[in-house]
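Structure, as structure tokens:
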Amino acid sequence: MAGLTIKALNQQYTCIASIEDFDAFIDECEKKLKLCAAKSDTPFKAFFLFNRELSGEELIRFFDTVWKQHVVVQGIGERNMLSSMKIWDQPLYAGQSYDFEEDTLILGDIPNDTYITAHHNLYVVGELEGCIDLMHEDCECCCSSSNDAKIRIFDSSFQNLTFFTASRLYYKNHQVLISKLKEGFYGN
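Numbering (this note's numbering), first residue to last: 13 to 200.
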């Protein structure tokens, strides 16, 4: 038995998978991604959440399947990390202020002139251009790309950051540091 739920927001997709039989999952994944790909003549972006860890061979088959459907994988994570996480799938507007009190996954872009205050970790599936203020030194921000975003963590100064690969932003010695997410996994 396999289940794949695909949620779309602003031409970005979040795919939530329940895998019991991996072969059935690959078949369903191929069918559903083919339908999504038919709606666009350019590759589309998707973030995948699985209910279990995939083996090396399963990951190779999975990446082969999504590559054939012209999917740009923005990240992979385990679904259980969402149990205590708020999912924000509404558009964020420029000139508005948002305050998040718990770990939050934002599905979509953070436009320029948007101000976000977060008291826990922030995960962004989309481009970050706005202003992020993380209130505590153990807070992190993981995002797929940033274009001149202003980011501050704890008592650091705001820093203008631009990067084009999935990265983790964290606090150390009064500075915001960046590490690239090589495995495509959002989180620790």
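Think of the CB as a built atom: it goes at the ideal place given N, C-alpha and C, for glycine as much as any other residue. No experiment lies behind these values; they were computed from the predicted model shown.
Per-residue burial, residue i [other beta carbons within 10 Å of its own, 16 or more giving buried]
i	result
A106	exposed
Q212	Outside the displayed span of the chain (13 to 200) sits residue 212, for which this structure offers no information.
I165	buried
I118	buried
E152	buried
Q81	buried
F176	exposed
W79	exposed
Nearest neighbour of residue i, chosen from the options [CA to CA]
i	options	result
E32	A20, Y25, L66	L66
L193	I163, N185, T54, C154	C154
Neighbourhood of residue i by C-beta, 6 Å cutoff - its chain only, sequence neighbours within 5 removed
i	result
I128	Y110, I144
L189	Y182
Q171	I163, V188
E113	H131
Any non-hydrogen atom of the ligand SAM within 6 Å of residue i CB
i	result
S67	Questions concerning the ligand SAM fall outside what the structure shown contains, since it holds no ligand whatsoever.
Beta-carbon gap between residue i and residue j smaller than 7 Å
i	j	result
I18	C27	yes
T116	L134	yes
Y178	G120	Checking the sequence, you will find Ala at residue 178 rather than Tyr. For A178 and G120, no; Cβs fall outside 7 Å.
R180	S168	no
Distance between beta carbons of residue j and residue i, contact taken as under 8 Å
i	j	result
V137	F59	5 Å
A161	M147	Actually they do not touch by this definition, with Cβ atoms about 17 Å apart.
8 Å Cβ shell around residue i - same chain, five flanking residues per side excluded
i	result
E70	F34
Same chain, Cβ closer than 7 Å to residue i, five either side skipped, listed in chain order
i	result
N159	E139, E141, T174
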